[in-house]
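J.:
Number of protein chains: 4
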Amino acid sequence: MKPRDRVRALVEHKRFQQFIIWVIVVNAITLGLETSPVVLREVGGLLHVADHAMLYIFTVELVLRLYAHGWRFFRDSWNVFDFVIVAISLIPASGPFSVLRALRILRALRLISAVPAMRRVVSGLLAAVPGMASIGALLGLIIYVAAVMATKLFGTISPQYFGDLGTTLFTLFQTMTGEAWPDIAREVMAAAPLAWIFFVIYILISSFAVLNLFIAVIVSGMEKTVTDDLVEAEDRHAADQAASDALILAELRELRREIAELRQREPR
Amino acid sequence: MKPRDRVRALVEHKRFQQFIIWVIVVNAITLGLETSPVVLREVGGLLHVADHAMLYIFTVELVLRLYAHGWRFFRDSWNVFDFVIVAISLIPASGPFSVLRALRILRALRLISAVPAMRRVVSGLLAAVPGMASIGALLGLIIYVAAVMATKLFGTISPQYFGDLGTTLFTLFQTMTGEAWPDIAREVMAAAPLAWIFFVIYILISSFAVLNLFIAVIVSGMEKTVTDDLVEAEDRHAADQAASDALILAELRELRREIAELRQREPR
Amino acid sequence: MKPRDRVRALVEHKRFQQFIIWVIVVNAITLGLETSPVVLREVGGLLHVADHAMLYIFTVELVLRLYAHGWRFFRDSWNVFDFVIVAISLIPASGPFSVLRALRILRALRLISAVPAMRRVVSGLLAAVPGMASIGALLGLIIYVAAVMATKLFGTISPQYFGDLGTTLFTLFQTMTGEAWPDIAREVMAAAPLAWIFFVIYILISSFAVLNLFIAVIVSGMEKTVTDDLVEAEDRHAADQAASDALILAELRELRREIAELRQREPR
Amino acid sequence: MKPRDRVRALVEHKRFQQFIIWVIVVNAITLGLETSPVVLREVGGLLHVADHAMLYIFTVELVLRLYAHGWRFFRDSWNVFDFVIVAISLIPASGPFSVLRALRILRALRLISAVPAMRRVVSGLLAAVPGMASIGALLGLIIYVAAVMATKLFGTISPQYFGDLGTTLFTLFQTMTGEAWPDIAREVMAAAPLAWIFFVIYILISSFAVLNLFIAVIVSGMEKTVTDDLVEAEDRHAADQAASDALILAELRELRREIAELRQREPR
């Protein structure tokens, strides 16, 4: 057994994988505890040491898996996911990268790649994404067009909400989630009374597009389960039917064979 | 007839169950009336006596059912439901347990276990829950990760919303219901202009997960009704087809029998 | 032709019904115009006269239909709908009944009963209602229990929202529509920090129930259209199959007849 | 080759269409950049020239397509869409028409008509519209009736929200999107305590109608995909079945032919 195969046997061993899952869970809890100033003051040093130890375990595990699978490691997108998450944690989080400290909790998401049941759920969810792509692109185009228009029309009236393209995009995203849009609309309408036309049309079109995004997901979910059930039921019946037809055909051929015999024995 | 069987016959008698349903309804009304200070001042004593009397009825009914069914009583989860609700009412509601006084109205929920039609509806709703479990767990993980991240990132900027993990979890639950999130986002963005990235990503991912929770329920509802209708229709046709095939086969076998006779009578 | 039959021929005549539809539309517009003080000052008298004239037309139409159909008139619920709407307009709207003046616009809803396409749409919508009844009753029970509980728990903390049962029911309806609940929750949580438990549970349960109400409607809509399409396709195939089987059977019987002939001609 | 055919070959050439798509994308970006005062100050002149050049390209393209297709050009609604969008840009945007400057970004929507995949998505979305028309009309009627009623009832109580028919229509549209209605309701209820009846009934009826609008779209989406899948599966089985039946029939007819031969050779 080559050393590479032995390492692969190790990293694919059930016990090893369960150990990693436990480390992920414990790390998620310690990172959660670190958010509390009280806990940090009391046992902050301990948490810090534990966090470093667990990061060390993750790094070693990743190196072993890299060694075991070689370059094919990166062919599986779940491996790439694990690699990126561990890599983020290894970047020294100081100075301009201090925001990365907050991203360490992303390690808890490794639970998704480590637990097969979670993996299946996420794969199922992602399967619906391609069906959403074209409507998503259309929705993006609609929001962009609406944002340029609103910035030009309302930029001077309400700079807080429509001051520049970025602000307007955020405001329109907020409007699309249906949140607090009347306040914004009434503020704009005080200066531009016809602004309601923009808001009503934008809300109707964007809700219609979002609704169709939802339907794309629902239909995709339906196709996976309901349709499969029915097609399966139908296939079962078709198989029954084919068996019954085969029986009839066999009976008919036997009959023909017997009649052929009858003819041969016949006096000519 | 053993005494236990007689008690069982009593508690399963239609009249007895209708009487209990009426007591539940009357108790729900009296507990509702108790919320009014005016009513409480006028007929508070009467309501109090009635409430005690009805709790006594519920307790006696429960003891009878316990006696009738023995330990098997706890195998039916509806019985456990009834038991817990009555038990809550029997705990003396004073001192630290004064909140239990407010839980007495939970007795009205016994209507669900007492009326068979309600029981069926709730059973139907609960049937959708297992299908939601895996996406629910994923959603929980996403919220936890987002909460730890937000507490670290925005804890000092906006302690009112992101001060500690509990507060952040509540804020993110609120954001997930799509309520008043722009106020929070704009408050945070005043200090951390890039915070919109967190909010937009969180809203998109959590709505997508919630949407898929909904779809799990819809698909489960579909499978129960639409699919059943169709599979039933198909089974009916398959049965028709099988009957027709059986007719053809019988006819064929009769034919074979006749030809066999023909051969036997033939001169060799 | 009896006078009653002649009246019936009149009220069922296409021209007559189109005339009534036009009167309904014109009346809806004049009642809309009456809401404008400017219009009322300028042509208020004219609108008043027109409104009286149109109410007169509706009354005459109703009397004619009543005469034409006799008591069977009230068997059709659309007729009862028309009758109630016209009756509301005929009650003198003064003193305590002045609110009835605002209900005159309900006459515009007669468009639904007068236009067959609208009637079909509304009938279709109402067909979904029975399927919603049991979940609706459950939702009502949940809201009632939550309201009694919230009034007891939060009545003294936040009398504005939970002061008495009626106020609480309105607050909980508002919470169920997902509107402005965080403001209320945060106000209550300032005094009762654990109140989030009530709000989170109530929101989860009530959204789940509302979601299932939606699904009941969706499934009902599905059953009417998608299932019908499929069952129809299946029935068509079953008919094709039955025809094909009948052909096979006929062929088989012909064969049997011929063999029987063969046997009779045979020398014994 | 006639000149008209040569022009048609040009405008339908893949390279030409890709060039137009690139111009649309670049124009969308330059129009987006124009919203930024900083960019406008730095390279405003350049953007202005580029914008004019690109409008010139669009105009020439449209004239070529008009020449190539003649009057049949207007038979395709996508062509009409392109024509209107370019025409809007050509109207001198000054004085009362200055709002048209903001509509120039609508040119970016030409991406929908230029990219075939986008065209298909939008055609798919629009296919759901006829199924929504009747419920949409009903919803319009309900909102109109509710608006006239609310203006009469609450116009003097809360002129900000219900002052005239237009304002009320906007308020009711806002209420239908479920946004900030409790603030409005509580303001009105302070003067008219029974106003909750209006709000609760309006919200229930309008959400039910909107829900059914959604279902019309979902059912329409379902019919296009799920049903097609199933009907296709069923058709495949029916074809299999028909082939198997044809085999049985052929076998039977062969048998009959042989028996007929047998009879002819028989001694009479």
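Heads up: the protein sequence lines correspond to chains U, S, R and E, in order. Per the working numbering: the first sequence = residues 1010 to 1277. Per the working numbering: the second sequence = residues 1010 to 1277. Per the working numbering: the third sequence = residues 1010 to 1277. Per the working numbering: the fourth sequence = residues 1010 to 1277. Just so you know, even glycine gets a beta-carbon here, dropped at the ideal spot from N, CA and C.
Going by the CB atoms, is the gap between S1229/S and A1137/S shorter than 8 Å?
T.: To locate residue 1137/S, count along the second sequence from 1; it is residue 128. To locate residue 1229/S, count along the second sequence from 1; it is residue 220. In this structure, S1229/S lies closer than 8 Å to A1137/S by Cβ.
J.: Starting from the C-beta of D1244/U, find all residues in its chain whose C-beta is less than 8 Å away, skip the five residues before and the five after it, and write them out in chain order.
T.: Along the first sequence, one-based indexing puts residue 1244/U at 235. Correct list: empty, nothing qualifies.
J.: Does the distance from the CB of F1208/E to the CB of A1199/E come in under 8 Å?
T.: In the fourth sequence, residue 1208/E corresponds to position 199, counting from 1. In the fourth sequence, residue 1199/E corresponds to position 190, counting from 1. For F1208/E and A1199/E, no; Cβs fall outside 8 Å.
J.: If we count the other Cβ atoms within 10 Å of its Cβ and call it buried at 16 or more, is V1108/U buried or exposed?
T.: If you number the first sequence from 1, residue 1108/U lands on position 99. That one is exposed.
J.: Which runs of the alpha helix (DSSP H), 4 residues or longer, sit entirely within the stretch 1033 to 1100 of chain E?
T.: Those alpha helix (DSSP H) runs which fall completely within the stretch 1033 to 1100 of chain E and span 4+ residues are 1046 to 1078, 1086 to 1099.
J.: Touch check for the stretch 1041 to 1050 of chain E and the stretch 1061 to 1074 of chain E: three-plus C-beta pairs under 8 Å?
T.: Too few Cβ pairs lie closer than 8 Å, so no.
J.: By Cβ distance, which residues of its chain are closer than 7 Å to R1119/U, with the 5 residues on each side in sequence left out?
T.: The residue given as residue 1119/U occupies position 110 in the first sequence. Hits under 7 Å: I1033, D1091, I1094.
J.: So what's V1124/U in DSSP terms, helix, strand or just coil?
T.: One-based indexing of the first sequence puts residue 1124/U at position 115. Correct three-state label for V1124/U: coil.
J.: Rounded to a whole number of angstroms, what is the C-alpha to C-alpha distance between T1184/R and L1213/R?
T.: For the purposes of this step, residue 1184/R is taken as residue 175 along the third sequence, with counting starting at 1. For the purposes of this step, residue 1213/R is taken as residue 204 along the third sequence, with counting starting at 1. Spanning the two alpha carbons is a distance of roughly 11 Å.
J.: Alpha carbon to alpha carbon, how far is L1019/U from L1115/U?
T.: The residue given as residue 1019/U occupies position 10 in the first sequence. The residue given as residue 1115/U occupies position 106 in the first sequence. Taking the straight line joining both Cα atoms gives about 25 Å.
J.: Runs of 4 residues minimum, wholly inside the stretch 1177 to 1215 of chain S: which ones carry the alpha helix (DSSP H) assignment?
T.: Listed in chain order, they are 1190 to 1200.
J.: Taking only beta-carbon positions, decide if S1253/U is within less than 8 Å of chain S.
T.: Working through the first sequence from its first residue, we reach residue 1253/U at position 244. True, the Cβ-Cβ gap to chain S drops below 8 Å.
J.: Alpha carbon to alpha carbon, what distance is there between L1112/U and R967/R?
T.: Here chain R covers residues 1010 to 1277 and nothing more, so residue 967/R does not appear.
J.: Run down chain U in chain order and give the residues with a C-beta less than 8 Å from the C-beta of S1167/S.
T.: Residue numbering aside, residue 1167/S sits at position 158 when the second sequence is read from its first letter. Correct list: empty, because the minimum Cβ distance to chain U is about 14 Å.
J.: Apply the 10 Å Cβ neighbour rule to P1191/E and answer buried if 16 or more other Cβ atoms are within range, or exposed otherwise.
T.: Here residue 1191/E refers to the residue found at position 182 when the fourth sequence is read from its first residue. Flag for P1191/E reads buried.
J.: Check each candidate in P1012/S, I1210/S, H1022/S and name the one with the smallest Cα separation from F1182/U.
T.: Looking up residue 1182/U in the first sequence gives position 173. F1182/U has its Cα closest to that of I1210/S, out of P1012/S, I1210/S, H1022/S.
J.: Go to V1016/E, then tell me how far its alpha helix (DSSP H) extends in each direction, as first and last residue.
T.: Taking the first residue of the fourth sequence as position 1, residue 1016/E is located at position 7. Per DSSP, V1016/E belongs to the alpha helix (DSSP H) from 1012 to 1020.
J.: Could you list which residues in chain R have their beta carbon closer than 9 Å to that of H1246/S, in chain order?
T.: Numbered from 1 along the second sequence, position 237 holds the residue referred to as residue 1246/S. Going along chain R in sequence order, the residues near H1246/S (Cβ under 9 Å) are E1243, D1244, H1246, A1247, Q1250.
J.: Around the C-beta of G1054/E, are 16 or more other C-beta atoms found within 10 angstroms, so that it is buried, or is it exposed?
T.: As a working note, residue 1054/E is residue 45 in the fourth sequence. Burial call: exposed.
J.: Should D1085/E go down as buried or exposed, given a rule of 16 or more other Cβ atoms within 10 Å for buried?
T.: Numbered from its first residue, the fourth sequence carries residue 1085/E at position 76. Burial call: exposed.
J.: What is the rounded straight-line gap between the Cα of R1265/R and the Cα of L1264/S?
T.: Working through the third sequence from its first residue, we reach residue 1265/R at position 256. Working through the second sequence from its first residue, we reach residue 1264/S at position 255. Spanning the two alpha carbons is a distance of roughly 6 Å.
J.: Under the three-state reduction of DSSP, which class applies to I1166/U: helix, strand or coil?
T.: For the purposes of this step, residue 1166/U is identified with residue 157 of the first sequence, where counting begins at 1. Coil at I1166/U, not helix or strand.
J.: Helix, strand or coil for V1228/E per DSSP?
T.: Taking the first residue of the fourth sequence as 1, we reach residue 1228/E at position 219. V1228/E falls in the helix class under three-state DSSP.
J.: Indicate whether A1130/R and I1144/E have their beta-carbon atoms separated by less than 8 Å.
T.: Against the third sequence, residue 1130/R aligns to sequence position 121. Against the fourth sequence, residue 1144/E aligns to sequence position 135. Ala is not the amino acid found at residue 1130/R; the sequence shown has Val there. Yes, the pair counts as a contact, with Cβ atoms nearer than the cut-off.
J.: Our contact map puts F1179/U next to A1204/U with C-beta atoms below 8 Å; I'd like the distance itself, whole angstroms only.
T.: Here the question's residue 1179/U lines up with position 170 in the first sequence. Here the question's residue 1204/U lines up with position 195 in the first sequence. That pair is no contact at about 18 Å.
J.: Distance cutoff 8 Å, beta carbons only. Does V1138/R sit that close to anything in chain S?
T.: Position 129 of the third sequence, counting from 1, holds the residue named residue 1138/R. False, the Cβ-Cβ gap to chain S never drops below 8 Å.
J.: Can you name the residues of chain R whose CB is closer than 9 Å to the CB of G1041/S?
T.: One-based indexing of the second sequence puts residue 1041/S at position 32. By Cβ distance, chain R contributes Y1153, A1156, V1157, T1160, L1174.
J.: Report yes or no: do the stretch 1148 to 1168 of chain E and the stretch 1139 to 1153 of chain R share at least 3 C-beta pairs separated by less than 8 Å?
T.: Contact fails: fewer than three Cβ-Cβ distances are below 8 Å.
J.: Using the three-state DSSP reduction, which class does G1149/U fall into: helix, strand or coil?
T.: Your numbering for residue 1149/U matches position 140 in the first sequence. In the structure shown, G1149/U sits in a helix (DSSP, three-state: H, G or I).
J.: Going straight from the alpha carbon of I1257/U to that of E1241/E, what length do you get?
T.: Stepping through the first sequence from its first residue, residue 1257/U is reached at position 248. Stepping through the fourth sequence from its first residue, residue 1241/E is reached at position 232. I1257/U and E1241/E: Cα-Cα distance of roughly 27 Å.
J.: Strictly below 9 Å CB to CB, what residues from chain U border L1115/E?
T.: Here residue 1115/E is taken as the residue at index 106 of the fourth sequence, counted from 1. Per Cβ cutoff of 9 Å: V1154, M1158.
J.: Examine chain U for any beta-carbon lying closer than 8 Å to the beta-carbon of W1190/S, and answer yes or no.
T.: On the second sequence, position 181 is the one that residue 1190/S refers to. It does: the Cβ of W1190/S has a partner Cβ on chain U nearer than 8 Å.
J.: When you compare the CB of N1088/E with every CB in chain R, is at least one pair closer than 8 Å?
T.: Position 79 of the fourth sequence, counted from the first residue, corresponds to residue 1088/E. Chain R, which has no Cβ nearer than 8 Å to the Cβ of N1088/E, makes this no.
J.: Under 8 Å, Cβ to Cβ, is there at least one residue of chain U near T1186/E?
T.: Working through the fourth sequence from its first residue, we reach residue 1186/E at position 177. Chain U, which has a Cβ nearer than 8 Å to the Cβ of T1186/E, makes this yes.
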